[in-house]
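Colleague: Could you have a look at this structure, given as structure tokens, before my questions?
Number of protein chains: 2
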Amino acid sequence: MADLISVLRRHGIRATPQRLAVAAHVLSAKSHPTADEVWRQVRRRCPTLSRATVYNTLNMLAEKGLIRPQVLREGTVVFDPRTDRHHHFIDVETGRVYDVPWSAIRVSGKEKLRDFDVQEYQVVLRGRRRRP
Amino acid sequence: MADLISVLRRHGIRATPQRLAVAAHVLSAKSHPTADEVWRQVRRRCPTLSRATVYNTLNMLAEKGLIRPQVLREGTVVFDPRTDRHHHFIDVETGRVYDVPWSAIRVSGKEKLRDFDVQEYQVVLRGRRRRP
DNA sequence: ACACCAGTTTGGACTTTGTCTAAAACTAGA
DNA sequence: TCTAGTTTTAGACAAAGTCCAAACTGGTGT
């Protein structure tokens, strides 16, 4: 975790206790939390943490490329701690978001689109997760 | 537009003036409007139209399969008047959403996903629209 | 060690998107 | 026409997110 300080510094982010707490939480998240979910969790250890700071920190981490905002759920942005390319599967029953390896799916034809200069893309799949 | 009345009736929706106005607007939309955008537009011809009625009507049209809600923009659902399958391109400058023909892109590998039972999917592309 | 000052944090106000509710206003059928 | 069942309306409410002024930190130079 002393490592996290240098990670932030390397990206030009001053490492305050609040930012460290937020960053530690979101970067190690196994799920795709919303800002308010991060706030509720981190506030248990850091009770004066304000919502504004959480939003500021998450947006800052996103700007620096340490996490990735994703528009996958109605009404709210979720933050993805994985920054390597991957697709997403959304369980229609639970709303939970799962990662799908980039290599599992191939998308062809996007280079041929005349009207669009594609910078990035992902496949969004919906359905039911099979019993684990 | 007398046609629209029978379209609604065929789907078990009583054709009130408010519903006709909302349906006519969203079904002929060239873009992907939000509920509030529909409200602001339709209210110009029908000034007492309430926000609740617009939301109710759009959700009803979506339930009946006449339009399709899409999670493509931050903070709000947009409604897609096209119900045939297609992909979406989002201009990163303007935020505008464009349709991409289903046949233009092929996605392979999704059948082989062991953990997921895929019911539907789409490719979401981001980049810059080329000058038209 | 000290003071300074830019950068941070805070809490609350505010905005936007969306839902809910009770009351008023329709509509269709007997 | 009367009436029971739907719809509509306006406003209250909730959640997600932004913005602000005031208070607070924490490096830097001395």
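Line by line, the protein sequences are chains A and B. So for the first sequence, this note's numbering puts the first residue at 934; every next one is plus one. So for the second sequence, this note's numbering puts the first residue at 934; every next one is plus one. The C-beta atom is built at its ideal place from N, Cα and C for all residues, glycine as well. The model shown is predicted, which means the values in this text are computed figures rather than measured ones.
1. Using a Cβ-Cβ cutoff of less than 6 Å, which residues in the same chain neighbour residue 1003(B) once the five nearest sequence positions on both sides are dropped?
2. Could you spell out where the alpha helix (DSSP H) holding residue 987(A) opens and where it closes?
3. Return the residue from the list 1056(A), 980(A), 962(A), 1034(A) that minimises the CA-CA distance to residue 950(A).
4. For the stretch 1010-1064 of chain B, list the beta strand (DSSP E) runs that are entirely contained and at least 3 residues long, ordered along the chain.
5. Give the residues from the stretch 1036-1052 of chain B that approach chain A closer than 9 Å (Cβ to any Cβ), ordered along the chain.
6. Leaving out five residues before and five after residue 995(B) in sequence, what residues of the same chain have Cβ atoms less than 8 Å from its Cβ?
7. For the beta strand (DSSP E) holding residue 1005(B), just list the boundary residues, first then last.
8. Kindly indicate if chain A contains any beta-carbon less than 8 Å away from that of residue 1008(B).
9. One question on the structure: do residue 915(B) and residue 1046(A) come within less than 8 Å of each other, judged by their Cβ atoms?
10. In the stretch 1014-1031 of chain B, which residues sit with their C-beta less than 8 Å from some C-beta in chain A, listed in chain order?
11. Beta-carbon separation of residue 1021(B) and residue 971(B) under 8 Å?
12. Which partner residues does residue 949(A) have in the DSSP bridge list?
13. At a Cβ threshold of 8 Å, is residue 1054(B) touching chain A?
14. Do you know offhand how far residue 964(B)'s Cα is from residue 937(A)'s?
15. Could you compute how far the alpha carbon of residue 982(B) sits from the alpha carbon of residue 1052(B)?
16. Report yes if the CB atom of residue 907(A) is closer than 8 Å to the CB atom of residue 940(A), and no otherwise.
17. Relative to the C-alpha of residue 1005(A), which candidate in 1027(A), 1023(A), 977(A) has its C-alpha closest?
18. Within 10 angstroms of the Cβ of residue 952(B), are there 16 or more other Cβ atoms? Answer buried if so, exposed if not.
19. If we define contact as Cβ-Cβ less than 8 Å, is residue 998(A) a contact residue for chain B?
Modeller: The answer reads as follows:
1. Cβ contact annotation for residue 1003(B) (same chain, cutoff 6 Å, sequence separation greater than five): 1011, 1013, in chain order.
2. 984-996
3. 980(A)
4. 1019-1024, 1030-1034, 1039-1041, 1049-1062
5. Of all residues in the stretch 1036-1052 of chain B, the ones placed with a Cβ closer than 9 Å to any Cβ belonging to chain A are 1036, 1037, 1038, 1039, 1040, 1041, 1042, 1043, 1045, 1046, 1047, 1048, 1049, 1050, 1051, 1052, in chain order.
6. The beta carbon of residue 995(B) sits closer than 8 Å to those of 1001, 1002, 1012, all from its chain and outside the five residues before and after it, given in chain order.
7. 1001-1006
8. yes
9. Outside the modelled stretch of chain B, which goes from 934 to 1065, sits residue 915(B), for which no answer is possible.
10. Cβ contacts with chain A: 1022, 1025, 1031.
11. no
12. Residue pairing by DSSP leaves residue 949(A) without any beta bridge partner.
13. yes
14. 44 Å
15. 36 Å
16. Because chain A in this structure spans residues 934 to 1065, residue 907(A) falls outside the shown range and cannot be described.
17. 1023(A)
18. Burial call: buried.
19. Interface residue (Cβ-Cβ distance to chain B less than 8 Å): residue 998(A) is not classified as such.
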